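Structure, as structure tokens:
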Amino acid sequence: MTQFTEEVLVIIKGIPYGRVMSYGRVAKLAGNTRGARQVVRILHSMSEKYNLPWHRIINSKGKISITDKRNAAIQRELLISEGIKVSEDGYIDISTYGI
DNA sequence: GTGGTGACGGGCC
DNA sequence: AGGCCCGCCACCA
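Residue numbers (our numbering): 23 to 121.
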């Protein structure tokens, strides 16, 4: 467990209800501007056991970036259930819901 | 050691 | 917006 990883966990858990943040943004706040891919890894491996709001993480274009159709649909549902508007192809208005 | 692989980002059309 | 390209970096076979 590196320092960066801990920071990422704290930041992600700190994203308020109804807001979203991009991978790169999280990485930057955690202290590594180029750590977006590492954030992805952390989400993949720890989102379940650490109970992370992984659905509040989207890419810099404001779109759900998950390749797995199944999980992408789940993320969309979770966001909508938080009052966030998500278009059918997975776009979120980042200027409204972004941090 | 080594090469392929992403739930990515940014720059440039 | 969206496509293409390249840089990045931990992970895994």
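All C-beta atoms, glycine included, are put in the ideal place defined by N, C-alpha and C.
None of the values given here were measured: they were computed from a predicted structure.
State buried or exposed for TYR119, treating a residue as buried only when at least 16 other CB atoms are found within 10 Å of its CB.
With 16 or more Cβ atoms within 10 Å of its Cβ, TYR119 is classed as buried.
Rounded C-alpha distance that separates LYS50 from LEU100
A straight line joining the alpha-carbon of LYS50 with that of LEU100 spans about 25 Å.
What are the start and end residues of each continuous alpha helix (DSSP H) run of 4 or more residues lying completely inside the stretch 32-90, in chain order?
Along the length of the stretch 32-90, whole alpha helix (DSSP H) runs at least 4 residues long occupy 45-51 and 58-68, reported in chain order.
In this structure, does DSSP put ILE121 in helix, strand or coil?
Of the three classes helix, strand and coil, the one that applies to ILE121 here is coil, per DSSP.
Expressed to the nearest angstrom, what Euclidean distance is found between the alpha-carbon atoms of GLY57 and SER87?
If you take the alpha carbons of GLY57 and SER87, they lie about 16 Å apart.
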